[in-house]
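**Q** Could you have a look at this structure, given as structure tokens, before my questions?
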Amino acid sequence: MRKNLIIGVVQVGNTECRLVMQILNRHPRWLDALWLALLAAYIVASAAIVPFHGDEATLLYMGRDYHYLFVDGDLAKVLYDDTWTRRPEEQRLRLENGVISKTIYGWLAWHQGYGPDDLNGEWHWGRDYEFNSRTNRVPDAQLLNAARIASAIQLALATAVFFHFTRMTVNRPTAYLASALFALHPNVLINGRRAMMEGSHLLGLTLALLAGAWLLRERKWLAYLLFGACLGFAVAAKHPNALIAALVFIAVTIATGREQIASEKRRLVGGGRQRILLLLSLVAAAAVFLLLNPAWWSAPFELPFIIAEMRAELLRAQVDWIGGYESFTERVQGFFQYVFAAERQYFEVARWAEYDVISDQIAFYESSGLAGILFGGTGLFGIVCLALAMFGAVNLARDSAIEAKNRLLLLLWMIGLALVTLLLTPLPWARYYLPLALAMPLLVGYALTTMAGAAWRRIRTADDGVTVLP
1177 MRKNLIIGVV QVGNTECRLV MQILNRHPRW LDALWLALLA AYIVASAAIV PFHGDEATLL
1237 YMGRDYHYLF VDGDLAKVLY DDTWTRRPEE QRLRLENGVI SKTIYGWLAW HQGYGPDDLN
1297 GEWHWGRDYE FNSRTNRVPD AQLLNAARIA SAIQLALATA VFFHFTRMTV NRPTAYLASA
1357 LFALHPNVLI NGRRAMMEGS HLLGLTLALL AGAWLLRERK WLAYLLFGAC LGFAVAAKHP
1417 NALIAALVFI AVTIATGREQ IASEKRRLVG GGRQRILLLL SLVAAAAVFL LLNPAWWSAP
1477 FELPFIIAEM RAELLRAQVD WIGGYESFTE RVQGFFQYVF AAERQYFEVA RWAEYDVISD
1537 QIAFYESSGL AGILFGGTGL FGIVCLALAM FGAVNLARDS AIEAKNRLLL LLWMIGLALV
1597 TLLLTPLPWA RYYLPLALAM PLLVGYALTT MAGAAWRRIR TADDGVTVLP
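Take the position in the sequence shown, starting the count at 1, then add 1176; the result is the number in our numbering.
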């Protein structure tokens, strides 16, 4: 009798939980659009007042490549020069960084009447703010604000893409919570609103995830092409996105392979076609990346190795200058600090705390009410987020309501990214942890919806007069 009652309660609870999820998943789609519009308005609203960062000056300085290519029509000015005799500093910045943001900023500069000689110079990190201001390295306010709005719009688009990715792979209630946590994350807002690469970076990352999820659902040749195009765009937006692109591609490859093995007929008949289409997606990724990076056209096979060494050298220089993690314990602390505790970081160089102009901007920005969830940054907040994320990850791995191929994509992306970030990030810089600002909200949002479903089951069983046995 007791056993039958327990089974009955579980069956009723699971049925009602599924019913609740179905109701939540069937509400009018216009509510999704309204929700995303509100988040977008919040993101863009205070882009103009986000505290300044020296990299904004450098990104606007790099925007002159747009003028070289599309106004002057001089491809030679941007092609890789193996002698390093033509504008070596411009070439270094061109190769080390993504191309999407600087192209957009260059277009904005040209559209507003700025020529290459009218743009500010590259930020000099070895000198103070006053020196950079005196030597014309602080961007023009009008151009800076326009570039910030462009970056914030890309962040808003990334939020919408992330919402649809979460809805497609998990469920709609989790998509609402995860997108809110992402859009209100203080470091996401600080960096995504600035005229830097992070708006494009996060947009490219979310597009790669969504395209991968759509491919697992559709399996059409167009889906493979779109998947490859999004991977290429993501890496062109910021080179570290190559890791996420690789993880998503591996997940898609494993998922398609498992389905082929599960069906002997499909394995024999469709296996070759799937492999060809996956190869096609890689070709599309390479083509889109090269199309967006004219500097690579003169040496497409040499530059991956050259740039990998350049970026490694850049990280070594940053560590030598500012100081990096000295132990694994410090790496774990930094990971917790910026992934779970969501500690805000307006600047990486301690000297910037002495600049009154930056301190005033930070105070004004935080008093605006549009700086995100400002109660983050504490150890207690981090512990709560860590516990929820762990609970969410364990339940996600076991949830049969989520298709196995989607669970594989989600877990491989999040676990792989977390491990690589923990082991390889050399500096306590919040920007280097931004890709995990997608994974953490998704897991926390999923944990909260799962807990809400369990609470709802208990309430309903109590209302129906059924005893919930321990």
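Quick reminder that beta carbons are idealized off the backbone N, C-alpha and C, glycines included.
May I ask you to report which of helix, strand or coil DSSP gives LEU1550?
**A** In the structure shown, LEU1550 sits in coil (DSSP, three-state: anything other than H, G, I, E or B).
**Q** Return yes when the Cβ of TYR1237 is within less than 8 Å of the Cβ of ASN1321, no when it is not.
**A** Their beta carbons are not under 8 Å apart, which means ASN1321 does not touch TYR1237 by this criterion.
**Q** So, do the segment 1467–1476 and the segment 1253–1272 have three or more beta carbon pairs nearer to each other than 8 Å?
**A** In short, these stretches touch, since the Cβ pair count reaches three.
**Q** For the alpha helix (DSSP H) containing PHE1403, name the first residue and the last one.
**A** From DSSP, the alpha helix (DSSP H) with PHE1403 extends over 1397–1413.
**Q** Under the rule that 16 or more other beta-carbon atoms within 10 Å means buried, what is HIS1152, buried or exposed?
**A** Residue 1152 is absent from the model: the chain starts at 1177 and stops at 1646.
**Q** If you measure between the beta carbons of LEU1593 and LEU1612, is that distance less than 8 Å?
**A** Yes, the Cβ-Cβ distance between LEU1593 and LEU1612 is below 8 Å.
**Q** What does a CB cutoff of less than 7 Å around ASP1343 pick up in its chain, not counting 5 residues either side in sequence?
**A** According to the sequence shown, residue 1343 is Arg rather than Asp. So the list reads ALA1351, once near-sequence residues are dropped.
**Q** How long is the line joining the alpha carbons of GLN1521 and ASN1347, rounded to whole angstroms?
**A** One C-alpha to the other measures close to 32 Å.
**Q** Go ahead and pull the three-state DSSP assignment for ASN1312.
**A** ASN1312 falls in the coil class under three-state DSSP.
**Q** Please look up how many angstroms separate the CB atoms of VAL1620 and GLY1553, rounded, as I've assumed it's under 8 Å.
**A** VAL1620 to GLY1553, Cβ: 16 Å. No contact.
**Q** What does a CB cutoff of less than 8 Å around ALA1623 pick up in its chain, not counting 5 residues either side in sequence?
**A** Counting only Cβ-Cβ distances below 8 Å, and skipping sequence neighbours, we find LEU1564, ALA1565, PHE1567, GLY1568, ASN1571.
**Q** Taking the alpha carbon of MET1373 as the reference point, which residue from THR1345, PHE1358, LEU1331 has its own alpha carbon closest?
**A** For the residues THR1345, PHE1358, LEU1331, the minimum Cα distance to MET1373 belongs to LEU1331.
**Q** Within 10 angstroms of the Cβ of VAL1533, are there 16 or more other Cβ atoms? Answer buried if so, exposed if not.
**A** Classification of VAL1533: exposed, given that the 10 Å Cβ count is below 16.
**Q** Does the distance from the C-beta atom of LEU1398 to that of ALA1421 stay below 8 Å?
**A** It is not a contact, given that the beta carbons lie outside the stated cut-off.
**Q** Below 8 Å CB to CB, which residues in the same chain sit around SER1376 once its five sequence neighbours on both sides are set aside?
**A** So the list reads GLY1274, ILE1276, SER1277, ILE1280, SER1327, GLN1330, ALA1413, LYS1414, once near-sequence residues are dropped.
**Q** Helix, strand or coil for GLN1513, going by three-state DSSP, please let me know.
**A** DSSP places GLN1513 in helix when its eight states are reduced to three.
**Q** Using a Cβ-Cβ cutoff of less than 7 Å, which residues in the same chain neighbour LEU1251 once the five nearest sequence positions on both sides are dropped?
**A** For LEU1251, where only same-chain residues beyond five positions count, the Cβ hits under 7 Å are LEU1245, PRO1470.
**Q** Can you tell me which of the three DSSP states LEU1479 falls into?
**A** In the structure shown, LEU1479 sits in a helix (DSSP, three-state: H, G or I).
**Q** Is it buried or exposed, LYS1396, if we count other Cβ atoms within 10 angstroms and call 16 or more buried?
**A** Classification of LYS1396: exposed, given that the 10 Å Cβ count is below 16.
**Q** Using the Cα positions of ALA1488 and PHE1551, report the straight-line distance between them to the nearest angstrom.
**A** Near 35 Å, if we compare the C-alpha coordinates of PHE1551 and ALA1488.
**Q** Could you tell me the distance, in whole angstroms, from the CA atom of ARG1449 to the CA atom of GLU1394?
**A** If I take the Cα positions, the gap works out to 14 Å.
**Q** Within its chain, find whatever has a CB closer than 6 Å to the CB of TYR1609; leave out the 5 residues flanking it on each side and keep chain order.
**A** Counting only Cβ-Cβ distances below 6 Å, and skipping sequence neighbours, we find TYR1514, VAL1515.
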